[in-house]
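These protein sequence lines are chains V and F, in that order. Throughout, our numbering is defined as the position within the first sequence, counted from one, plus 30. Throughout, our numbering is defined as the position within the second sequence, counted from one, plus 6. All C-beta atoms in this analysis are idealised placements derived from N, C-alpha and C, irrespective of residue type, glycine included. Heads up: the structure comes next, in structure tokens.
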Amino acid sequence: MTTIDVGVIPIPHGRGGVRRETYLNIAHTVKSWALTTDHKRIGILYLVTTIMTLGLGGAFALILRTEHLTPQMTFLDAYTYNRMFTMHGIVMVWLFMIPSIPTAFGNFVLPIMLGAKDVAFPRLNLLSYYIYLAGVVWVLVALWMGGCDTGWTFYTPYSAHSPSAVVPTVLGIFILGWSTIITGVNFIVTTHTMRVKGMGWFRMPLFVWNLYAVSIIQVLATPVLAISLAIVGLDHWFDWGLFDPARGGDPVLYQHLFWFYSHPAVYIMILPAMGVIAEVVCTFSHKNPSSYKAIAYSALGIAFVGFLTWGHHMFVAGMSQFDAAAFGVLSMLVAIFSAIKVFTWVLTMRKGSVVLRTPLVYFFAFLFLFVFGGMTGVAVATESLDIHWHDTYFIVAHFHFIMVGGTLTGWLAGLHYWFPKMTGRMYNERWGITGATLVFAGFFLTFFPQFLLGNAGMPRRYYYYNPVYQPLHVVSTVGSWLLGAAMLMTLGYLLVALFAGPRASANPWDSRSYEWYTPSPPPKHNFTKEPVFALDPYDYTVPFPGVGDEADGSLARDPGGAANG
Amino acid sequence: MNNLLRGWLNLPPQASTYARSLDLLHYFVIASTMVGATFVFLLALYFLTRYHRQRPYELTSRVKTGVPIEFAIIGGLQVLFLVFWVIGATQYQHVMNAPPGAMQVYVTAKQWMWKFSYPDGSASMDVLTVPLGKPIKLVMTSRDVIHSFYVPAFRAKHDVVPGRYYTIWFTANTPGLFNIECAEYCGVDHSRMLGLVQVLSDEDYRRWLDGRPVATEEGLAGASARGGGDLAERGREVASRRGCFNCHTLDGQPHVGPSWAGLYMSSVRLTDGRTVVADEAYLTRSMMDPQADVVAGYKGVMPTYRGALEEPEVAALVEFIKTLQNTPFAPSMQLPKVVPETQGQPQEPKP
Chain V
31 MTTIDVGVIP IPHGRGGVRR ETYLNIAHTV KSWALTTDHK RIGILYLVTT IMTLGLGGAF
91 ALILRTEHLT PQMTFLDAYT YNRMFTMHGI VMVWLFMIPS IPTAFGNFVL PIMLGAKDVA
151 FPRLNLLSYY IYLAGVVWVL VALWMGGCDT GWTFYTPYSA HSPSAVVPTV LGIFILGWST
211 IITGVNFIVT THTMRVKGMG WFRMPLFVWN LYAVSIIQVL ATPVLAISLA IVGLDHWFDW
271 GLFDPARGGD PVLYQHLFWF YSHPAVYIMI LPAMGVIAEV VCTFSHKNPS SYKAIAYSAL
331 GIAFVGFLTW GHHMFVAGMS QFDAAAFGVL SMLVAIFSAI KVFTWVLTMR KGSVVLRTPL
391 VYFFAFLFLF VFGGMTGVAV ATESLDIHWH DTYFIVAHFH FIMVGGTLTG WLAGLHYWFP
451 KMTGRMYNER WGITGATLVF AGFFLTFFPQ FLLGNAGMPR RYYYYNPVYQ PLHVVSTVGS
511 WLLGAAMLMT LGYLLVALFA GPRASANPWD SRSYEWYTPS PPPKHNFTKE PVFALDPYDY
571 TVPFPGVGDE ADGSLARDPG GAANG
Chain F
7 MNNLLRGWLN LPPQASTYAR SLDLLHYFVI ASTMVGATFV FLLALYFLTR YHRQRPYELT
67 SRVKTGVPIE FAIIGGLQVL FLVFWVIGAT QYQHVMNAPP GAMQVYVTAK QWMWKFSYPD
127 GSASMDVLTV PLGKPIKLVM TSRDVIHSFY VPAFRAKHDV VPGRYYTIWF TANTPGLFNI
187 ECAEYCGVDH SRMLGLVQVL SDEDYRRWLD GRPVATEEGL AGASARGGGD LAERGREVAS
247 RRGCFNCHTL DGQPHVGPSW AGLYMSSVRL TDGRTVVADE AYLTRSMMDP QADVVAGYKG
307 VMPTYRGALE EPEVAALVEF IKTLQNTPFA PSMQLPKVVP ETQGQPQEPK P
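What follows is the structure, encoded as structure tokens:
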């Protein structure tokens with residue numbers, strides 16, 4: 031581990047009496063943060079907020095797992111348990127996973143990657159943050175009112191009659207949807223119009239492609255969720271009965287509408303993570319992607335076919351056998367696009383110069399969870415097998431592997447990868463690698479036993495369970511404690527690094543992607559002069575041209591002696 | 007081989023005719039996908055060590071993966087996935103279409119119980135009794151929210167939706183008791199919406215059919231004689247003979263009437279707003295004059311048992327209810343829940 035500090039060049043603060051102006055030190059007032067239109071500051075606001083929501087959802091998860099130490103009541107009653115797994119799902123899906131990568135890292139690096147000063151609509155960007163915050167507040171209000179006990183899927187007619195706080199919860203999610211849509215529109219327009227002169231579509235870093243695909247899904251799918259949840263709220267509040275069979279409504283229609291959004295929503299969660307992974311694997315392999323176009327087009331392919339597979343959530347919910355067959359074959363197709371991405375990442379390392387850093391450890395965690403989780407996805411998309419697995423712990427384990435595991439490890443990879451760019455500090459690599467290993471171990475230990483529980487026939491959302499399942503539940507619970515401890519540890523060393531870490535250079539990873547062309551942390555307008563991206567973002571055949579840091583006169587990374595101020 | 011893999015994968019017994027073929031596909035899909043996933047992951051680990059960075063700032067030459075290799079990998083995978091799909095869709099057709107001549111049982115789900123109605127007019131709660139080796143077709147609907155009828159040992163599951171009638175079928179190939187679970191979240195007691203399938207051999211099934219109308223004086227006398235034991239044990243026998251379990255459960259589930267579990271000495275809210283403590287006086291009053299104290303949330307449909315119950319029987323019942331004071335609200339598999347609604351003689355499923 032002697033090479034661990036490679037790339038960290040301590041830059042004495044304010045050398046020569048000149049203090050370099052960054053987006054962070056340009057102003058320190060609360061107002062300068064609260065009313066900022068700087069995409070980087072908005073990204074940081076989102077990052078801090080989503081970390082808090084992750085903490086909340088994670089606390090719920092730990093409580094739920096601890097309750098399952100015994101098959102009977104451990105310390106929660108059934109009603110509390112039901113509300114808690116519901117709020118765990120809602121907080122994790124809508125408050126953390128959907129916004130996590132696009133709003134924090136997307137906001138921060140997308141304009142820099144395009145060589146732009148900001149996103150296309152900076153004020154809308156700030157508005158979307160406040161709408162997000164309003165949605166969070168509403169979900170917290172729902173929590174304060176006792177929470178909602180319908181499951182994050184809000185299946186009718188139960189959700190229309192549930193005694194819990196259904197209306198404030200769906201209202202919160204309804205509001206969050208607006209934030210998602212605005213961010214999506216902003217990113218689409220930014221990608222189309224804000225690319226620096228001379229940057230064609232196939233010169234964009236791959237993260238941008240994934241954000242672009244995700245934004246399309248967000249804009250097209252989220253309104254459908256808003257409509258269905260609005261009707262659920264009206265059913266609950268005013269007894270509209272649109273999904274109530276007693277009044278001629280159709281509860282299965284609700285499921286079609288819900289999954290028409292929520293299946294694409296899993297791609298909303300995973301596509302940005304795939305984008306992070308593509309950046310990480312190229313940077314730490316020091317090599318061009320084995321096929322740039324395969325990664326770019328498969329993102330769009332997933333975005334398109336992802337809209338046509340929702341029915342595989344409903345094989346035993348009541349659908350015609352023809353529909354089941356059609357959704358079955360389309361689901362196999364969407365798996366192919368993901369497989370293309372996986373092979374492209376892995377082959378990228380071939381003949382590269384691979385160095386193991388925390389983000390790459392997270393890439394391996396991602397790869398494991400995504401590939402094994404994805405393969406169980408192909409298995410559950412096989413119609414006859416889904417009959418046994420549907421609504422069991424197998425499904426819970428499957429989506430926690432692929433969707434949660436994928437998003438969480440992708441998010442952590444991005445957090446470590448862009449940490450120097452965002453904060454101007456380096457975290458401790460030894461702690462980072464240890465943390466990543468423990469996060470993976472905890473995750474695996476938590477969810478692998480759940481596959482076996484599902485095979486045995488343990489339904490999900492069960493408060494009491496058959497005592498024969500107890501050993502596997504105990505293993506899973508212990509795993510969740512390990513995962514929780516590893517996450518806290520990660521938070522700890524990153525906070526230490528934030529205040530006491532060594533200063534980071536402009537390009538500590540010796541990457542070629544465009545966000546590394548600007549100092550760390552970047553100046554207010556990202557670049558002090560019109561950026562020139564001489565190289566392809568994945569061109570590792572020549573040394574990095576280097577970054578001039580005019581403000582304090584110091585040269586950042588100077589690979590191979592080719593100083594280029 | 008089948009049993010070995012089934013054990014590894016922690017799958018339940020294959021107690022229906024199609025369970026085995028579904029499991030064979032399960033093995034094939036899981037084995038091939040896990041081998042594939044392992045290969046991909048090991049390949050990545052191999053690249054990590056084989057192409058490990060030798061010195062800082064190392065440069066690499068541009069490598070493009072050939073299109074033929076990409077298409078070969080993708081094409082191969084697509085063919086494999088399509089094989090899964092073809093077999094899976096064929097099996098799905100088989101499982102979703104009941105063979106002609108299947109014996110029909112009507113299933114009504116409600117929070118949180120299963121009711122099985124047989125064509126001959128009899129019915130049972132939570133226990134479905136079927137003959138071995140005969141195709142059974144279930145016609146299912148729900149009275150309130152969506153439930154899902156799931157028998158893991160049969161690999162059979164389908165949602166039970168209010169306003170709609172869905173069918174599934176199975177042919178049991180092993181005598182015994184198999185768990186029914188509700189798989190679709192349906193409210194606070196979702197995890198206690200359990201039941202049993204009792205699969206009887208031809209002979210036992212016929213005996214079971216014949217055994218149902220046993221409400222003769224001899225039968226009653228015999229039951230009383232058997233219920234020697236202590237008072238509480240006799241109470242259980244009385245309760246089953248007098249048909250109490252048609253409306254009252256022992257595991258905390260509300261039914262036509264309130265459950266007896268945890269009832270003794272608890273505070274009970276009544277429809278007229280009073281709250282009373284369920285002591286002996288209350289319990290006996292409820293038997294003799296049920297309309298006097300109707301529990302909130304229930305209809306006053308219980309008939310009076312004045313004159314019907316003998317005093318020792320009343321005492322035995324109270325003693326029995328006392329023993330349930332600390333009954334855990336548990337997913338209980340052993341409770342006697344088979345109560346044909348036509349008369350009072352219970353069929354105790356053997357645990």
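| query | result |
| --- | --- |
| Taking only runs that begin and end inside the stretch 231–269 of chain F, name each unbroken alpha helix (DSSP H) of 4 or more residues, in chain order. | 237–247 |
| With respect to the beta strand (DSSP E) encompassing F:L200, which residues constitute its N-terminal and C-terminal limits? | L200 to L206 |
| Classify V:L140 as buried or exposed, calling it buried when 16 or more other Cβ atoms lie within 10 Å of its own Cβ. | buried |
| Please return the same chain residues whose Cβ sits closer than 8 Å to the Cβ of F:H32, not counting the five positions on each side in sequence. | L15 and L17 |
| Can you tell which of V:V169, V:M175 and V:Q500 has the C-alpha that lies nearest to the C-alpha of V:W182? | V:V169 |
| What residues of chain V sit near F:V167, judged by a beta carbon separation below 7 Å? | P281, V282 and G348 |
| Quick one: grab the DSSP three-state call for V:E560. | coil |
| Check each residue of the stretch 24–46 of chain F: if its Cβ is closer than 8 Å to any Cβ of chain V, include it; give the result in chain order. | L28, L31, H32, V35, I36, T39, M40, G42, A43 and V46 |
| What does V:P275 reach in chain F if we use C-beta pairs closer than 8 Å? | V167, P168, G169 and R170 |
| Say whether chain V places a C-beta atom closer than 9 Å to the C-beta of F:H261. | no |
| If I measure Cβ to Cβ from V:P235 and keep anything under 7 Å in the same chain, skipping five residues before and after, which residues do I get? | M143, E309, S543, Y544 and P567 |
| What number of angstroms, rounded off, separates the C-alpha of F:T180 from the C-alpha of V:F352? | 32 Å |
| Run through chain V and tell me which residues come within less than 7 Å of F:N16, C-beta to C-beta. | L482, N485 and A486 |
| Taking the alpha carbon of V:F367 as the point to measure from, which residue in F:E76, F:S22, F:T55 and F:A108 has its own alpha carbon closest? | F:E76 |
| If you follow the beta strand (DSSP E) that F:H164 is part of, which residue opens it and which one closes it? | A162 to V166 |
| Strictly below 7 Å CB to CB, what residues from chain F border V:E413? | G94, A95 and Y98 |
| Tell me, which residues are paired with F:T147 by DSSP? | F:T114 |
| Does the pairing of the stretch 146–162 of chain V with the stretch 94–107 of chain V give three or more beta-carbon distances under 8 Å? | no |
| Can you tell which of V:Y159, V:A260, V:S194 and V:G165 has its C-alpha closest to the C-alpha of V:N216? | V:Y159 |
| DSSP has F:Q141 in a bridge; who is on the other side? | The sequence shown places Pro at residue 141 of chain F, rather than the Gln named in the question. Answer is F:T177. |
| Which residues share a DSSP beta bridge with F:V133? | F:L202 |
| Return helix, strand or coil for F:C188, following the three-state DSSP convention. | strand |
| Between which two residues does the alpha helix (DSSP H) carrying V:K227 extend? | Here V:K227 belongs to no alpha helix (DSSP H), and DSSP marks it neither H nor E. |
| With DSSP run on the structure shown, which of helix, strand or coil describes F:M109? | strand |
| For chain V, is any of its Cβ atoms less than 9 Å away from the one on F:P181? | no |
| V:D569 CB to nearest chain F CB: under 9 Å? | yes |
| Could you work out which residues of chain F lie near V:A409, taking near to mean beta carbons separated by less than 9 Å? | H32, V35, I36, T39 and F90 |
| Could you list the residues in the stretch 516–548 of chain V with a C-beta less than 8 Å from some C-beta on chain F, going in chain order? | D540 |
| Which runs of the alpha helix (DSSP H) spanning at least 4 residues fall entirely within the stretch 147–209 of chain V, listed in chain order? | 152–174 and 188–191 |
| Let me see if you follow: with CB-CB separation under 9 Å, is V:R45 close to chain F or not? | Residue placement at V:R45 is poorly supported in this model, since its pLDDT is 45, which falls under 50; the coordinates still yield a value, given next. Output row for V:R45: interface = no. |
| For F:Q349 and chain V, any beta-carbon pair shorter than 9 Å? | With a pLDDT of only 45 at F:Q349, under the threshold of 50, the placement of this residue in the model should not be trusted; the figure read from the coordinates follows. No - not a single Cβ of chain V is within 9 Å of the one on F:Q349. |
| Report the residue ranges of all beta strand (DSSP E) runs contained in full by the stretch 48–103 of chain F; include only those spanning at least 3 residues, in chain order. | none |
| Just the Cα atoms here: how many angstroms apart are V:S292 and V:G348? | 18 Å |
| Find the nearest neighbour of F:D126 within the set F:Q117, F:Y112, F:K116 and F:A95, judged by alpha-carbon distance. | F:Y112 |
| To the nearest angstrom, how far is the alpha carbon of F:G303 from that of F:R275? | 9 Å |
| For F:M146 versus F:Y172, is the C-beta distance shorter than 9 Å? | yes |
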